[in-house]
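Numbering (UniProt numbering), first residue to last: 1 to 111.
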């Protein structure tokens with residue numbers, strides 16, 4: 001699948017799941033969260049979580065919480081940038097970032 005001009009994909013990770021979200025560089029973070037919400041609805045991982053109950057973060061070491069009213073370009077997010085998403089657990093409590101990494105080299109190596 002080829003990208004439309006000015007279209008990028010961001011990799012959004014949560015636990016052991018990765019979502020490839022098509023975006024425009026000038027999309028606001030809120031729009032990206034709404035796209036994640038739609039991706040969750042069509043996947044088997046629909047927990048009924050809405051964009052209002054998500055936080056997008058840059059991966060460590062920055063771990064910056066991305067603000068809804070800022071564009072991807074504000075954070076210098078380009079094609080294939082990895083972001084992390086966490087869900088709100090209660091009014092003032094959010095999940096911790098728990099992303100499983102996969103070491104392809106060691107998992108593909110013969111025993």
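Cβ coordinates follow ideal geometry from the N, Cα and C atoms, glycine included.
- Pairing residue 82 with residue 59 gives a Cβ-Cβ distance under 8 Å.
- Here residue 77 carries a coil assignment [DSSP, helix/strand/coil].
- For a cut-off of 8 Å, the C-beta gap from residue 79 to residue 9 is around 6 Å, short enough to register as a contact.
- The residue from 26, 6, 51, 16 with its alpha-carbon nearest to that of residue 72 is 26.
- Cα atoms of residue 16 and residue 98: separation of roughly 8 Å, rounded to the nearest angstrom.
- In terms of CA proximity to residue 28, 76 leads the group 76, 47, 39.
- Within the DSSP bridge table, the entry for residue 54 names 87 as partners.
- Distance from the CA atom of residue 24 to the CA atom of residue 32, rounded to whole angstroms, is 9 Å.
- By the C-beta density criterion, residue 36 is buried, having at least 16 other C-beta atoms within 10 angstroms.
- Under DSSP, residue 71 forms a beta bridge with 28.
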